[in-house]
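A.B. asks:
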Amino acid sequence: MGFSEQQLAERLKKFKFFKLQQHLRDLKSHPAQGTLDEPGAEHVDTAVKVLRVEQEIDRLNEVFLQLSVELQGRAEKRTGLEDSVPAQGAVESCLSRHATLLLELKRRCVAQRLGEMQAQLAQISMQQQHSQKPDRREPDSQGPESQETDRQGPERDQRDRGQTGRD
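Each position in the sequence shown, counted from 1, maps to that position plus 7 in the working numbering.
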């Protein structure tokens, strides 16, 4: 009996997270060996942030799912009670409605937090991609390449129209 792909992926993620934390502790405890200014240290820090955000997103997804299942169960229970006992006690009905509203509020809060965490993850990813790209500057409009095309521009346009500038 082996592990499923999902279980293996989770174990690998936890192991990588543990190794990153261990590496950061080693860097802090042995500053002579290296500092956080080393190349790649920023990548390690970013990877730790990404893992923490991903773990929080996973946890929030589980909470959201649990709240959704609980709300669905309450809805099914309520429709079953309405069919079987139409004159349910007012206090019990009110408490049930309040509990359902509370669950719905919790679910909305979790959904909002989940959206915030996903936005944070996207922002970290964009920052990571931006920091990994080499500094490519757009060619200046007054650079040598554009000056060459500017000099050839009108003459080339006249040739394209079948005219020459030497009439």
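We treat Cβ as the ideally placed atom computed from N, Cα and C, and that holds for glycine.
All of these numbers come straight from a predicted model, not from anything done at the bench.
So what's G9 in DSSP terms, helix, strand or just coil?
C.D. replies: Working through the sequence shown from its first residue, we reach residue 9 at position 2. Residue state, collapsed to three classes: coil.
A.B. asks: Compute the minimum distance between the beta carbon of E69 and the heavy atoms of the ligand PLP, and state whether it is under 7 Å.
C.D. replies: Among the components modelled here there is no ligand, and therefore nothing to report on the ligand PLP.
A.B. asks: Using only alpha-carbon positions, find the residue among R85, V117, Q14 and H105 that is nearest to I64.
C.D. replies: Here residue 64 refers to the residue found at position 57 when the sequence shown is read from its first residue. When only C-alpha atoms are compared, the closest one is V117.
A.B. asks: With 16 other CB atoms within 10 Å as the buried threshold, where does Q19 fall?
C.D. replies: Looking up residue 19 in the sequence shown gives position 12. Correcting the residue identity first, residue 19 is Leu in this sequence and not Gln. Counting Cβ neighbours within 10 Å, L19 comes out exposed, since fewer than 16 surround it.
A.B. asks: Under 8 Å, do R114 and L74 count as touching if we go by C-beta distance?
C.D. replies: Here residue 114 corresponds to residue number 107 of the sequence shown, with the count starting at 1. Here residue 74 corresponds to residue number 67 of the sequence shown, with the count starting at 1. Taking 8 Å as the Cβ cut-off, R114 and L74 qualify as a contacting pair.
A.B. asks: Taking C-beta to C-beta, are E77 and L128 nearer than 8 Å?
C.D. replies: Start at 1 with the first residue of the sequence shown, and residue 77 comes out as number 70. Start at 1 with the first residue of the sequence shown, and residue 128 comes out as number 121. No, the pair does not count as a contact, with Cβ atoms beyond the cut-off.
A.B. asks: Enumerate in chain order the residues of its own chain whose CB-to-CB distance from E111 is below 7 Å, with the five nearest sequence positions on each side excluded.
C.D. replies: The count along the sequence shown starts at 1 and reaches residue 111 at position 104. If we look at E111 and ignore the five residues flanking it on each side, its Cβ neighbours are L78.
A.B. asks: Could you say which of S100, R59 and H105 lies nearest to Q125 if we only look at CA atoms?
C.D. replies: The count along the sequence shown starts at 1 and reaches residue 125 at position 118. Of the candidates S100, R59 and H105, the one whose C-alpha sits nearest the C-alpha of Q125 is R59.
A.B. asks: Quick one: Cα of T53 to Cα of L108, how far?
C.D. replies: Looking up residue 53 in the sequence shown gives position 46. Looking up residue 108 in the sequence shown gives position 101. In a straight line, the C-alpha of T53 is about 39 Å away from that of L108.
A.B. asks: Look at the Cβ atom of I131, then the Cβ atom of K21, and state whether they are nearer than 8 Å.
C.D. replies: Residue 131 sits at position 124 when you count from the first residue of the sequence shown. Residue 21 sits at position 14 when you count from the first residue of the sequence shown. Not closer than 8 Å, so no.
A.B. asks: On a CA-only basis, which of S138, Q139 and E17 is nearest R66? Give me that one, please.
C.D. replies: Along the sequence shown, read from residue 1 onward, the residue named residue 66 stands at position 59. The option with the nearest alpha carbon to R66 is E17.
A.B. asks: Only counting the same chain, and skipping five residues up and downstream in sequence, which positions put a Cβ closer than 6 Å to that of R81?
C.D. replies: As a working note, residue 81 is residue 74 in the sequence shown. Excluding sequence neighbours, R81 sits near T107.
A.B. asks: With a threshold of 8 Å on Cβ separation, who are the neighbours of N68 within its own chain once the five nearest residues in sequence on each side are excluded?
C.D. replies: Residue 68 sits at position 61 when you count from the first residue of the sequence shown. So the list reads L121, once near-sequence residues are dropped.
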